[in-house]
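In the working numbering, each number is its position in the sequence shown, counted from 1, plus 71. For each residue, glycine too, the CB sits at the ideal point set by N, CA and C. As the structure is a computational prediction, the values presented were derived from the model and not from experiment. As structure tokens, the structure follows; a few thoughts come after it.
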Amino acid sequence: MIKKMLKCSWLIIIASLAITAFFGWQLRKISIENTVRMYMPQSSESYQRMLKAEEDYGSMMVLGISMETSGETILTPEYIKIVQDVTDQIGNVDYVESIDSIANMDFIVGEDGSLKASSILGEDYTGSPEDMAAIKQRLVDWQEMYNRVIITDDGKTTQLMITLQPKDENGDMLNSKKQMKALHDIQKICETALEGSDLEVRYFGDPVLSDNGYTFMVSDLLVLIPFVALVVLLSLYFSFHTWSGTLLPLITVLMATVWSVGIMCMLNVTFTIIGSVIPVCLVACGSAYGIHVLTHYYIGLDKIEGEITKESHAGAIEYGLKDVWIAVVLAGVTTVAGFISNITSPIMPLKTFSVFAAAGVVFSLLLSMTFIPAMLYVTPISKVGKHWRNKNRISAKLKMKLEKQLKRQGGKTSAEATTNTLYMIYHFFSGTKPRLIVSTAVLLLVAVIGFKMLIVDTALVNYFPPDSKFREDISYVDEHLAGSNTLYLIVSGEEKDAEEVAAESAGESVADSVASDFDFGTSDTGAADSVASDFDFGSSTDDFGFGEAASGTDDFGFGDASGADSSESAEAPKQYYMLTNPEILNAVDGMQEYLLARHEGIGKMVSFTTFIKRMNQVMNSPVDDAKLSSTITVQQGLEMLHKAYTSAGGKDANVQQIVLELERQLNFNGLDYYEVPYDVAKYPVSTRDELGDLVTQYLYLLSSEQIQRFANNMTMPTAIRTQVQLRTHSTDETAAIIADAQAYAAKHFPKGYKIEATGNGEMEYTMTKMVVDSQTASILLSLAMVFIIISLSFKSPWAGIIGAIPLGLTILLNFMVMGYAGIALDLCTSIIASVAIGVGIDYTIHFMETYRVQRALTDDLEEVTKNTFKTSGRGILTNAIAVGLGFCVLLFSRFIILRYIGALVAVVMFTSSTLAMTVIPGLLNAFDPKFMWSKEQKEAYAKKIAEEK
72 MIKKMLKCSW LIIIASLAIT AFFGWQLRKI SIENTVRMYM PQSSESYQRM LKAEEDYGSM
132 MVLGISMETS GETILTPEYI KIVQDVTDQI GNVDYVESID SIANMDFIVG EDGSLKASSI
192 LGEDYTGSPE DMAAIKQRLV DWQEMYNRVI ITDDGKTTQL MITLQPKDEN GDMLNSKKQM
252 KALHDIQKIC ETALEGSDLE VRYFGDPVLS DNGYTFMVSD LLVLIPFVAL VVLLSLYFSF
312 HTWSGTLLPL ITVLMATVWS VGIMCMLNVT FTIIGSVIPV CLVACGSAYG IHVLTHYYIG
372 LDKIEGEITK ESHAGAIEYG LKDVWIAVVL AGVTTVAGFI SNITSPIMPL KTFSVFAAAG
432 VVFSLLLSMT FIPAMLYVTP ISKVGKHWRN KNRISAKLKM KLEKQLKRQG GKTSAEATTN
492 TLYMIYHFFS GTKPRLIVST AVLLLVAVIG FKMLIVDTAL VNYFPPDSKF REDISYVDEH
552 LAGSNTLYLI VSGEEKDAEE VAAESAGESV ADSVASDFDF GTSDTGAADS VASDFDFGSS
612 TDDFGFGEAA SGTDDFGFGD ASGADSSESA EAPKQYYMLT NPEILNAVDG MQEYLLARHE
672 GIGKMVSFTT FIKRMNQVMN SPVDDAKLSS TITVQQGLEM LHKAYTSAGG KDANVQQIVL
732 ELERQLNFNG LDYYEVPYDV AKYPVSTRDE LGDLVTQYLY LLSSEQIQRF ANNMTMPTAI
792 RTQVQLRTHS TDETAAIIAD AQAYAAKHFP KGYKIEATGN GEMEYTMTKM VVDSQTASIL
852 LSLAMVFIII SLSFKSPWAG IIGAIPLGLT ILLNFMVMGY AGIALDLCTS IIASVAIGVG
912 IDYTIHFMET YRVQRALTDD LEEVTKNTFK TSGRGILTNA IAVGLGFCVL LFSRFIILRY
972 IGALVAVVMF TSSTLAMTVI PGLLNAFDPK FMWSKEQKEA YAKKIAEEK
């Protein structure tokens, strides 16, 4: 078989190169994505909830821009002109859905007894001092909406919030490439508009993360792959001292990497930060197979006596393959078993890494068994002899140096010194049963303490170094503005059952005259008085078609009663609990206050109730109020001030709070009505249901695009949204906020309403649970595969258990190191366990196989252990160092998370090799299991037992 393969060497070489060229051509299609949406499984409830929210309220894909002045305030005509120009131009950029800035945000005012969405700048803005004073006043009048959203507390920075369309022109998810195009177009607009000004601009949001992720990844791929190739090249040269031994293993592993990544590109599989580890991983680990083949090939060359001929050279190649192919294949299979363990993960980037890293190992193994022998076979004999003689000359020089070194070391070679050191380490920790038990117990204790310190956090911003421009900009926004992370809380009404609908219908009354019961404080109330008469909330022609004779399709598509087939009975339209109910609106407003008080990580909360409160304030703002124009005595003034001081909190109150309470007492600008209409005694109504009708009237009176982002229907909402701006990216903090919101809802929400969370913050929190679940599953799967492989190799389940113990301890120690070092378990660091098992199992099998061979030669277990270390100890150590150094190139990555992986894999290589050479011999010597005995030893033992009987 091998001879036939060697005769086809040129065909193998040409085919291998052609395949490499083909897959290399596919690399031009590489697609790089690094967004929460990309990492989130699209079939998950969290992702589907996000899509539904975007259908109801608009896109949640946000790009933020902050502009900071070095002067005293950003509120000058010159700066506002810049913001106006930028706002107008950005509105025309491809994929921009909307933009909010100080130049165009709504300011709700009253006009002729109605409501109007005016502008912060005013209708006739000219930039005059009066206009600037009016802008400042409007910002103060509605601080819950504007403060830290479009301007900082110190007034030096303004913020523009740009919402991108979630889908492109083809209806597909807006990918990173198109997000980055929009970002670059916006950056050009800002650069042009800000030219000559002192404004410092900062960008944040999903597109900025994608852009920085793309830049970092390209930089890493261009630097790290050559770097790891150089490390492997040097290690190969110092190992073989021949060009074939140096270049061939590296070439095969590079070809395997091209094949694996090329297939990814051909199948349109997205390349992520996790995927960028694949090339480094394959180059670091995959070269081992070529090294094995070449090592045994050189042993075959050493066996040739006299001149090397073509036939003897072919014999050396054949000898090398015959002697090593089983070991190489087993090593490849075990590595694949480790890498493939993440195949069960629901997170696509982890699954992609699992599949294509395993595929790269298979390709590397295949090329080592075919391409390398083929290249060796076609090498001219004269070159083989020349290179071999050079190698021997170098070896002779090395031997002379070694002899001199031996004299200095007391006659021991470096190999013997290494073997003795490894044996002493084993003997110290595991040389006896008590030592094995004590050392293992101490190890477990320390590991468990570190494991308990482990945190799980999947925030993508943490992949970037804190000193990067991207992270510094985010830190600025989190410190001075509302925050760069977003969580949305969706409160929705549930469907009413038949009994509730029937009961409601029985007591339903027409609300045509409700408006006449309210005095909105204006001299001309004719417009307001007639509002309710324009709408019949109980009729058959409302927006939802709740009446019996409703025709057409309502705003939600709940049914078409008249359009049904005459042969079919018309189904009653669905009815839901409405979000105009003061009970739920008051509970939502209370939830906001509760969460703001409990969580410092919340920078701002804006919701549907923010608009309701402003509308209620405006419609109840007094005009020519006698109380405000009357003269009061000093006594009355002091009493009012004292009351305001007490209401504001007494000695703990600040001036702003006291003034606010005083304004509420006087209902200045309607501040006493900046609330959800809830107190029946405060309004000219007899029931709270009538207050719900009042809220509905407000919604009919106001025409505003911005409020539509907070309700799924402008006039009869069945769901509303609360936007929570977070100053933290901690998924633990996000989880606490969601848990508190759900607990508050369970306790305070009236019947028929529920709350759900969505947005980037919620998806990152959901991914933490997925990471934990997939990590647990992958570890259990990989350990199960290790158990099966070793059990089959040694034909004993006890062998599988012994082999799995050091690998399980290696994983535990990895988590321990992460816990002590404060490195979070996330999407990227979760691959370390599979790498540890994939590579570490080789050390376990290597040691156990050698031990079995030595055990067959003698019953002296200490002698067996020493000979095992002598045969395999140095090889295991050398391989662990080589793989560890290969991954250490990740320490030079621009991503801090990849630096962590580089350091952790190096630690894992040390611990897995050390445990393989301490725990395993300790267990084997302590219990002397029969699966390590030779056939003759088993027969002798059986004969001895029979004789004793």
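Inset, instruction - Output the distance between the C-alpha atoms of PHE781 and PHE679, rounded to the nearest integer angstrom. - result: Counting only the Cα atoms, PHE679 lies some 5 Å from PHE781.
Legend entry - Spatial distance of ASP613 from ASP660 (CA atoms): With a pLDDT of 42 at ASP613, under the threshold of 50, the modelled position of that residue is not reliable, and no figure is offered here.
Legend entry - For ILE170, the residue or residues it bridges with in DSSP: Partner(s): ILE233.
Legend entry - Those residues which DSSP pairs with MET132 across a bridge: Residue pairing by DSSP places MET132 opposite LEU235 in a beta bridge.
Legend entry - Strand pairing of LYS753, partner residues [DSSP]: Paired residue(s): none; LYS753 is not in a bridge.
Inset, instruction - Tell me whether the beta-carbon of MET216 lies closer than 8 Å to the beta-carbon of VAL133. - result: In terms of Cβ geometry, MET216 and VAL133 do not form a close pair [threshold 8 Å].
Inset, instruction - Taking all protein chains shown into account, decide if ALA569 is buried (16 or more other Cβ within 10 angstroms of its Cβ) or exposed. - result: ALA569 comes out exposed.
Inset, instruction - Write down the C-beta distance between LEU525 and LEU883 rounded to the nearest angstrom, noting that I regard them as a contact closer than 8 Å. - result: Contact doesn't hold; Cβ gap of about 10 Å is too wide.
Legend entry - Collapsed DSSP secondary structure at THR789 in the structure displayed: Three-state result, THR789: coil.
Legend entry - Per-residue DSSP class, three states only, for ARG273: Looking at ARG273 - three-state DSSP - the assignment turns out to be strand.
Inset, instruction - Counting only the same chain and skipping the five closest in sequence on each side, list residues whose C-beta sits under 6 Å from that of ILE296. - result: Taken in chain order, the residues that qualify are PRO350.
Legend entry - Rounded C-alpha distance that separates ASP723 from MET251: Using only the alpha carbons, I get a separation of about 48 Å.
Legend entry - CA-to-CA distance, LEU558 to SER117, given in whole angstroms: Answer to the nearest angstrom: the Cα atoms are 12 Å apart.
Inset, instruction - Answer with buried or exposed for ASP447, where buried requires no fewer than 16 other C-beta atoms within 10 angstroms of its C-beta. - result: The question names Asp, but residue 447 in the sequence shown is Leu. That one is buried.
Inset, instruction - Please state if the CB of GLN663 and the CB of MET676 are separated by a distance shorter than 8 Å. - result: Cβ distance < 8 Å, so MET676 and GLN663 count as in contact.
Legend entry - Meets three-Cβ-pair contact criterion under 8 Å: the segment 235 to 244 and the segment 85 to 105: Under the 8 Å Cβ criterion, the segment 235 to 244 does not count as touching the segment 85 to 105, having fewer than three qualifying pairs.
Legend entry - Residue nearest to MET841 in terms of C-alpha spacing, selected from ALA977, ASN413, GLN796: With distances taken between Cα atoms, MET841 lies closest to ASN413.
Inset, instruction - Leaving aside the five residues before and after THR490 along the sequence, list all residues of the same chain whose C-beta is less than 8 Å from its C-beta, in chain order. - result: Closer than 8 Å at Cβ, skipping near neighbours: LYS937, PHE940, LYS941, GLY944, ARG945.
Inset, instruction - Determine the DSSP secondary structure at MET440, reduced to helix, strand or coil. - result: In this structure, MET440 counts as helix in the three-state DSSP scheme.
Legend entry - Three-way DSSP call (helix, strand, coil) for GLY879 in this model: GLY879: helix per DSSP, three-state reduction.
Legend entry - Cβ-based neighbour list, ALA205, same chain, cut-off 7 Å, excluding 5 preceding and 5 following: Once the five neighbours on either side are set aside, the close Cβ partners of ALA205 are GLY193.
Inset, instruction - Helix, strand or coil for MET176, going by three-state DSSP, please let me know. - result: It is coil, neither helix nor strand.
Legend entry - Simplified DSSP state of PHE739, which is helix, strand or coil: DSSP places PHE739 in helix when its eight states are reduced to three.
Inset, instruction - Could you spell out where the alpha helix (DSSP H) holding ALA668 opens and where it closes? - result: In the DSSP assignment, ALA668 falls within the unbroken alpha helix (DSSP H) covering 653 to 669.
Legend entry - Where GLY431 falls, given that 16 or more other Cβ within 10 Å makes a residue buried: Result: buried.
Inset, instruction - Please classify VAL747: does DSSP put it in a helix, a strand, or coil? - result: DSSP places VAL747 in coil when its eight states are reduced to three.
Inset, instruction - Measure the alpha-carbon distance for SER190 versus PHE886 and round it to whole angstroms. - result: Computed Cα separation, rounded: 54 Å.
Inset, instruction - Within its chain, find whatever has a CB closer than 6 Å to the CB of LEU254; leave out the 5 residues flanking it on each side and keep chain order. - result: The beta carbon of LEU254 is closer than 6 Å to those of PRO278, ASP282 in its chain, skipping five residues each way along the sequence.
Legend entry - Given 8 Å, three or more beta-carbon pairs between the segment 120 to 128 and the segment 220 to 236: Two segments are said to touch when three or more pairs of C-beta atoms, one from each, lie closer than 8 Å; by this definition the segment 120 to 128 does not touch the segment 220 to 236.
Inset, instruction - From the DSSP output, read off the bridge partner residues of THR557. - result: Under the DSSP definition of a beta bridge, THR557 partners with GLN796.
Legend entry - Segment limits, beta strand (DSSP E) that includes LYS825: Unbroken beta strand (DSSP E) run through LYS825: 824 to 829.
Legend entry - Cβ-based neighbour list, ILE153, same chain, cut-off 8 Å, excluding 5 preceding and 5 following: So the qualifying residues of the chain are MET138, ALA264, LEU265, SER268, LEU270.
Legend entry - Closest residue to GLU125 among ARG965, ARG792, GLN925, ILE101 (Cα-Cα distance): In this structure, ARG792 is the residue among ARG965, ARG792, GLN925, ILE101 with its C-alpha nearest to the C-alpha of GLU125.
Legend entry - Inter-stretch contact at 8 Å, needing at least 3 Cβ pairs: the segment 546 to 555 / the segment 803 to 823: Contact fails: fewer than three Cβ-Cβ distances are below 8 Å.
Inset, instruction - Please confirm whether MET838 and MET111 have their CB atoms less than 8 Å apart. - result: Yes; because the gap between Cβ atoms is below 8 Å, this pair is in contact.
Legend entry - Contact under 8 Å by Cβ, MET711 with GLY181: No; because the gap between Cβ atoms is not below 8 Å, this pair is not in contact.
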